[in-house]
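Student: Dumping the structure here so I can ask a few things about it.
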Amino acid sequence: MSDPALEDVFQRSERMVGRRIADEYVLVPILGRGADADGIFNLNRLGAFIWEQMDGRADGRAIVERVTDTFEVDGARASRDYLAFVAQLLSIEALSPAGRGRER
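In terms of my numbering, the sequence shown opens at residue 2 and continues consecutively.
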């Protein structure tokens, strides 16, 4: 897949689950068929927020708008951070494309 764009829509992979443990949010690979038990990823508050928005319906623009409404960050920085984070999630197969389009 090419670099993610704000128009892209993603969904959480069935290979990864998100769990809130105490004050932390972690992504845990589902064990079996070669999943790496050492591949647990800690998310900060923003990362957890974005992860929870990945529902297969909202595109990047909608999620970035939610980020700017919730956190003290401007749209340009939120867009850059969102795209970088999505690229990381794609690289560990925590997300999969759900198609292209905008949430309405």
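Quick reminder that beta carbons are idealized off the backbone N, C-alpha and C, glycines included.
1) Mind checking whether R20 and V29 have CB atoms under 9 Å apart?
2) Exposed or buried, what is G61 when buried is set at 16 or more other beta-carbons lying within 10 Å of its beta-carbon?
3) Note down, in chain order, each residue of its chain lying with its Cβ closer than 7 Å to the Cβ of Q54, except the 5 sequence neighbours on either side.
4) Got a sec, what are the start and stop residues for the beta strand (DSSP E) L44 sits in?
5) Is it buried or exposed for A59, if we count other Cβ within 10 angstroms and need 16 for buried?
6) Leaving out five residues on either side along the sequence, give the residues of the same chain with a beta carbon under 8 Å from the beta carbon of R16.
7) Per DSSP, which residues does S97 bridge with? Please list them.
8) How would you label F72, buried or exposed, when you count the other beta carbons within 10 angstroms and need 16 or more for buried?
9) What would DSSP say about A23, mapped onto helix, strand or coil?
10) So, V18 versus L44, is the Cβ gap smaller than 9 Å?
Tutor: Reading from the atomic positions:
1) For R20 and V29, yes; Cβs fall inside 9 Å.
2) So G61 counts as buried.
3) Contacts found: I64 and R67.
4) Counting along the chain, L44 sits inside the beta strand (DSSP E) bounded by residues F42 to L44.
5) Looking at its Cβ environment, which holds 16 or more other Cβ atoms inside 10 Å, A59 is buried.
6) For R16, the CB contacts under 8 Å within the same chain, skipping 5 residues up- and downstream, are P30, I31, A36, E94 and A95 in chain order.
7) In the DSSP output, where bridge partners are listed per residue, S97 has Q12.
8) Exposed.
9) For A23, the three-state secondary structure derived from DSSP is coil.
10) L44 sits away from V18, with the two beta carbons spaced by 9 Å or more.
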